[in-house]
């Protein structure tokens, strides 16, 4: 849990301790602040517009003795009623149009943006980089992005609804099982910015944290190389062990022989399994490979057929790594 | 006809005379007692939650317990306290009196709806035995299909409670149409009646949709038919549409009666004819109608289409107009009045300030792109507490203090009543105002754990919640003490001009009026 403690100590950059907003990290976030502060100041004005007269009337017309009558029984004034019905409509129209323009901006994906794939699952985020052929995942995952480029996130969920929330970018989008939703941003500021899950998803909902790390282009390239090298330097077995965690195999498959949603990996390599169809298969390299990529073709007897496909998410060396890892679990 | 000295409280004695009563006044009091019990229970859960949030991570409970408690807090406060709240207790007590009727139109149905409420409450508490629910009061799919615990029982409880709400609404609508005293035209009805009437419309039109949704949820969980769960081929966003199609109108089931009480309080304690009677009455109806057309504003980031989001944003802004009209009319009513600061008026003025903040922050959330950022943060939590507690509950307390002499025949201590109202307003702002700051900075709601930098805000909020809790407890104790020590109430302590003050005994007799009142003028003619 120490890693979680460290994670919670991360800063959500805020200009001043008591500021209304966290620091804007994109051009859009700056535009957003204009709308927000417009609402805040006009809202304060509206508040004073009703509360100051209230206080004034309470003082001025305060009943001083029990039998004091009202000064008048006037109960209508068409002119003022028209004003307080229609003036707010004009104000609200301004609010709507301004907010709508901002919303168009958020929800229109820019052409030619760099695409990242985001997968939400209880309780961490996985981000895949199709261009660079890398991925990052796990609690507190660092999601590197180049500064000043349009980044589009194409998101889906492995289980329940999550919501990808980047406060410094003022954007948020629910992440659903069974369909894709999208989000985009263009980071203008270098730095680390927290990612929250904003849709309640169970026990560790509040620990479903990650960071977006915005870097200048060359630093970003070095970061990508670093991740590639780190993976290359690992022995296949170590790579497999890492993927076992980061691809969340661990959620359903134990390595100590205990039963979870799927069979344990312990000692499974080389044994014979019975499929739901009744056929018997040997758990060898080819079986594992096929089962990881197209699990629905070979459901195992006695387990619910809920394993997702990892087609396109694993490179050749990743699959080899996983096989070597499973092989090693005697 | 009742003998002198006999009233609805002392005319019959014994447990059965209460348990089987058909008297709307007694049923109203039974509701009031039950609702206050659950309010204290839900409030206790809130204080436990706030205590847990004093520090990040584990303070007094683990994450699982925390998630169960916020679910219970929400479900109890929504389904057992605020939705029945004012209509079932104050509405039951005052509405027939204000109309000059002997009782509601269907007294037996009225008693039945009370017992349905009790049954729903028992089933809800029973779900705790099976295993406390941790889905949040919104039961969002597919999470609520994956979690164990008594989801089915809790949902069944909400289903049952819905019927209680429908029957109460139906009763008030028919009573308003059929049982008005001679001379009581629609525009001579007190605005409280208009508000409760508008609420009744929503209750009978929206609640069945909740029932259908919850039934589908149960069918899906039990029989595994794919409706909302994508694993079974369903659509989780469809659940949100169904759910909010009820639950947004439900927000108006909660706030309209609050506004209805405030209209009475402001007029009586200013001793001035209400300003803009018809605009206030029509704005209640307008809010009831508009309430059906804005559910999608809970779903701007859910994945619904942008066009739909835009339409819901426009419609949402329309809601602000009738709400604003009411505020301005109340303000104008106080102008040149004879303003008394008795305890009920203090609650009303508290409502005025807190509801103004709740309404203005509602505009923030109606603005499309601002909502994208604020959705599911503490900003939303603060906003709806300002509306539901700062609005509805302040009005509820004001209404209880206003009709208390008529209900019980006792006057309470003005000093303690005023002190508790002030304490609630101070404690409330301390608790919830910092939540706007936290939320705007990005602190998501329903978080057991949080970034260290939010600690100070959470601590202020927690301290505030203790002040708030103490204020409410003081307010209730003040009332209970008055039962024993209070001075005998006069017939019309506030110089009210509606029938429950002018035409009944200090404590009304069982059949309300000694002779049929005949109405010759409006309800706000103060002399």
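Protein chains in written order, with this note's numbering: chain A, 125 to 454; chain B, 669 to 1195. Beta carbons: idealized from backbone N, C-alpha and C, even for Gly. This one's a predicted model, so the numbers in the text were calculated from it and none came from an experiment.
If you draw a straight line from the alpha carbon of residue 1189 of chain B to that of residue 1181 of chain B, how long is it in whole angstroms? Looking up residue 1189 of chain B in the second chain gives position 521. Looking up residue 1181 of chain B in the second chain gives position 513. Roughly 18 angstroms between the two C-alpha positions.
Who does residue 276 of chain A pair with in a DSSP beta bridge? Here the question's residue 276 of chain A lines up with position 152 in the first chain. According to DSSP, which records beta bridges pairwise, residue 276 of chain A is partnered with A:239 and A:308.
Would you say residue 1194 of chain B lies against chain A (beta-carbon separation less than 8 angstroms)? Along the second chain, one-based indexing puts residue 1194 of chain B at 526. Closer than 8 angstroms: yes.
Buried or exposed for residue 1151 of chain B, going by 16 or more other Cβ atoms inside 10 Å? The residue given as residue 1151 of chain B occupies position 483 in the second chain. Classification of residue 1151 of chain B: exposed, given that the 10 Å Cβ count is below 16.
Go ahead and pull the three-state DSSP assignment for residue 396 of chain A. Along the first chain, one-based indexing puts residue 396 of chain A at 272. In the structure shown, residue 396 of chain A sits in a strand (DSSP, three-state: E or B).
Could you say if the segment 671 to 680 of chain B and the segment 381 to 393 of chain A meet the contact criterion of at least three C-beta pairs nearer than 8 angstroms? no
What does the alpha-carbon distance come out to for the pair residue 1119 of chain B and residue 1103 of chain B? Position 451 of the second chain, counting from 1, holds the residue named residue 1119 of chain B. Position 435 of the second chain, counting from 1, holds the residue named residue 1103 of chain B. Straight-line Cα distance between these residues: approximately 14 angstroms.
Other residues of its chain near residue 1157 of chain B: CB distance less than 7 angstroms, five sequence neighbours each side excluded: Along the second chain, one-based indexing puts residue 1157 of chain B at 489. 1073, 1077, 1078, 1079 and 1174, listed in sequence order.
Using a Cβ-Cβ cut-off of 7 angstroms (strictly less than) and excluding sequence neighbours within five positions of residue 939 of chain B, which residues of its own chain qualify? Within the second chain, the letter at position 271 stands for residue 939 of chain B. If we look at residue 939 of chain B and ignore the five residues flanking it on each side, its Cβ neighbours are 1005, 1006, 1163 and 1194.
Under the three-state reduction of DSSP, which class applies to residue 139 of chain A: helix, strand or coil? As a working mapping, residue 139 of chain A is identified with position 15 in the first chain. With a pLDDT of 49 at residue 139 of chain A, under the threshold of 50, the predicted position of this residue should be treated as unreliable, though the coordinate-derived value follows. Coil at residue 139 of chain A, not helix or strand.
What does residue 995 of chain B touch in chain A if you count any residue whose Cβ is under 8 angstroms from its own? Looking up residue 995 of chain B in the second chain gives position 327. The contacting residues are 174.
Just to check, is the beta-carbon of residue 157 of chain A closer than 7 angstroms to a non-hydrogen atom of the ligand SAH? Although the ligand SAH was asked about, the structure shown includes no ligands whatsoever.
Cβ shell of residue 791 of chain B (< 7 angstroms), same chain only, five flanking positions each side left out: Position 123 of the second chain, counting from 1, holds the residue named residue 791 of chain B. Once the five neighbours on either side are set aside, the close Cβ partners of residue 791 of chain B are 821, 824, 825 and 828.
Contact criterion: CB-CB distance below 8 angstroms. Does residue 139 of chain A meet it with respect to chain B? Locating residue 139 of chain A in the first chain gives position 15, where the first residue counts as 1. Confidence at residue 139 of chain A is low in this model, with a pLDDT of 49, below 50, so its placement is unreliable and the value that follows should be read with caution. Not closer than 8 angstroms to any Cβ of chain B, the Cβ of residue 139 of chain A fails to qualify, so no.
Limits of the unbroken beta strand (DSSP E) element including residue 249 of chain A: Within the first chain, the letter at position 125 stands for residue 249 of chain A. Looking at the DSSP string, the run of the beta strand (DSSP E) that includes residue 249 of chain A is 248 to 253.
Taking CB distances under 8 angstroms as the criterion, tell me whether residue 1114 of chain B reaches chain A. By 1-based counting over the second chain, the position of residue 1114 of chain B is 446. Yes, contact with chain A.
When the Cα atoms are used, what is the spatial distance from residue 348 of chain A to residue 1125 of chain B? Position 224 of the first chain holds residue 348 of chain A. Position 457 of the second chain holds residue 1125 of chain B. Residue 348 of chain A and residue 1125 of chain B: Cα-Cα distance of roughly 38 angstroms.
Mapping DSSP to helix, strand and coil, what is residue 100 of chain A? The first residue shown for chain A is 125 and the last is 454, placing residue 100 of chain A beyond what the model contains.
Under 8 angstroms between the Cβ atoms of residue 962 of chain B and residue 1018 of chain B? To locate residue 962 of chain B, count along the second chain from 1; it is residue 294. To locate residue 1018 of chain B, count along the second chain from 1; it is residue 350. Going by C-beta atoms, residue 962 of chain B is not nearer than 8 angstroms to residue 1018 of chain B.
Anticipated Cβ contact below 8 angstroms, residue 277 of chain A with residue 288 of chain A, distance rounded: Against the first chain, residue 277 of chain A aligns to sequence position 153. Against the first chain, residue 288 of chain A aligns to sequence position 164. Confirmed, Cβ separation roughly 7 angstroms.
So which residues of chain A does residue 1004 of chain B contact, with C-beta pairs closer than 8 angstroms? To locate residue 1004 of chain B, count along the second chain from 1; it is residue 336. Simply 185, 194, 195, 196 and 198.
Opposite residue 298 of chain A in the DSSP bridges: which residues? Position 174 of the first chain holds residue 298 of chain A. Residue 298 of chain A is bridged to A:287.
To which residues of the same chain is residue 686 of chain B closer than 8 angstroms at the C-beta, ignoring the five residues directly before and after it? In the second chain, the residue the question calls residue 686 of chain B occupies position 18. Result list for residue 686 of chain B: 694 and 698, in chain order.
Is it the case that the segment 233 to 245 of chain A contacts the segment 266 to 286 of chain A, given that we only count it when at least three CB pairs across the two stretches are under 8 angstroms? yes
Contact check, residue 1042 of chain B vs residue 1036 of chain B under 8 angstroms by CB: the rounded distance? Here residue 1042 of chain B corresponds to residue number 374 of the second chain, with the count starting at 1. Here residue 1036 of chain B corresponds to residue number 368 of the second chain, with the count starting at 1. With a Cβ gap of about 11 angstroms, residue 1042 of chain B and residue 1036 of chain B do not count as contacting.
Which of helix, strand or coil DSSP assigns to residue 268 of chain A: Against the first chain, residue 268 of chain A aligns to sequence position 144. If DSSP states are grouped into helix, strand and coil, residue 268 of chain A belongs with the strands.
Cutoff 8 angstroms: residue 703 of chain B Cβ touching any chain A Cβ: Working through the second chain from its first residue, we reach residue 703 of chain B at position 35. It does not; no Cβ of chain A falls within 8 angstroms.
What residues from chain B crowd round residue 177 of chain A, counting only those whose CB sits closer than 7 angstroms? For the purposes of this step, residue 177 of chain A is identified with residue 53 of the first chain, where counting begins at 1. Residues of chain B passing the Cβ test: 999.
Are the CB atoms of residue 1011 of chain B and residue 928 of chain B within a distance shorter than 8 angstroms? Position 260 of the second chain, counted from the start, is the residue given in the question as residue 928 of chain B. Position 343 of the second chain, counted from the start, is the residue given in the question as residue 1011 of chain B. No, the pair does not count as a contact, with Cβ atoms beyond the cut-off.
How many angstroms separate the CA atom of residue 1045 of chain B from the CA atom of residue 397 of chain A? Position 377 of the second chain, counted from the first residue, corresponds to residue 1045 of chain B. Position 273 of the first chain, counted from the first residue, corresponds to residue 397 of chain A. Each residue's alpha carbon lies about 48 angstroms from the other.
Taking its Cβ as the centre, do 16 or more other Cβ atoms sit within 10 Å of residue 231 of chain A, making it buried, or is it exposed? For the purposes of this step, residue 231 of chain A is taken as residue 107 along the first chain, with counting starting at 1. That one is buried.
Contact belief for residue 226 of chain A with residue 155 of chain A at Cβ below 8 angstroms, rounded distance in angstroms: Stepping through the first chain from its first residue, residue 226 of chain A is reached at position 102. Stepping through the first chain from its first residue, residue 155 of chain A is reached at position 31. 6 angstroms between Cβ atoms; contact.
Could I get the ranges of all uninterrupted beta strand (DSSP E) runs contained in the segment 918 to 973 of chain B, with 3 residues as the minimum, in chain order? none
Taking only three categories from DSSP, how would you classify residue 334 of chain A? As a first step, residue 334 of chain A must be located in the first chain, where it is residue number 210. Reduced to three states, the DSSP call for residue 334 of chain A is strand.
Suppose the cutoff is 6 angstroms on Cβ atoms and the five residues either side in sequence are ignored; what does the same chain contact list for residue 954 of chain B look like? By one-based count along the second chain, residue 954 of chain B stands at place 286. If we look at residue 954 of chain B and ignore the five residues flanking it on each side, its Cβ neighbours are 990.
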